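Engineer:
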Amino acid sequence: MIDLGTVQGLYEHGHELHAYCSHCSRWRVLDLERMVAEGKGGLRLPITVRCTDCGEAGQLQVRPPAPTRGPGGWGEPPQ
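When the letters of the sequence shown are read in order and numbered with my numbering, they come out as residues 324 to 402.
#1: Is the region 371-380 close to the region 355-363, with three or more CB pairs under 8 Å?
#2: Below 8 Å between beta carbons: does that hold for residue 343 and residue 384?
#3: Whose CA, out of 326, 376, 340, 348, lies closest to the CA of residue 388?
#4: Kindly give me the distance between the Cβ atoms of residue 368 and residue 328, rounded to whole angstroms, as I take these residues to be in contact under 8 Å.
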């Protein structure tokens, strides 16, 4: 069974975790590889993140891996 409820699960299955700061109106991509290397892979979502610029709490968004089929992307048939 795939567990996408942890930082480790997201990392292992190619997902991305983005955080949005409404105060700064900016998205940031969290470095899941670094988080796993630092021993934070077992953290269960949702986690609390803060903006590195203003310190406000961020809103998380999980993004799945981008679909690919052919060398040019999803619109091309597989080879």
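For glycine and all other residues, C-beta sits at the position ideal for the given N, C-alpha and C.
Computed from a predicted structure; not experimentally measured.
Structural biologist: In brief:
#1: Result no; under three Cβ-Cβ pairs closer than 8 Å.
#2: Yes; because the gap between Cβ atoms is below 8 Å, this pair is in contact.
#3: The shortest C-alpha to C-alpha distance from residue 388 to any of 326, 376, 340, 348 is the one to 340.
#4: The pair is a contact, with the Cβ atoms about 6 Å apart (cut-off 8 Å).
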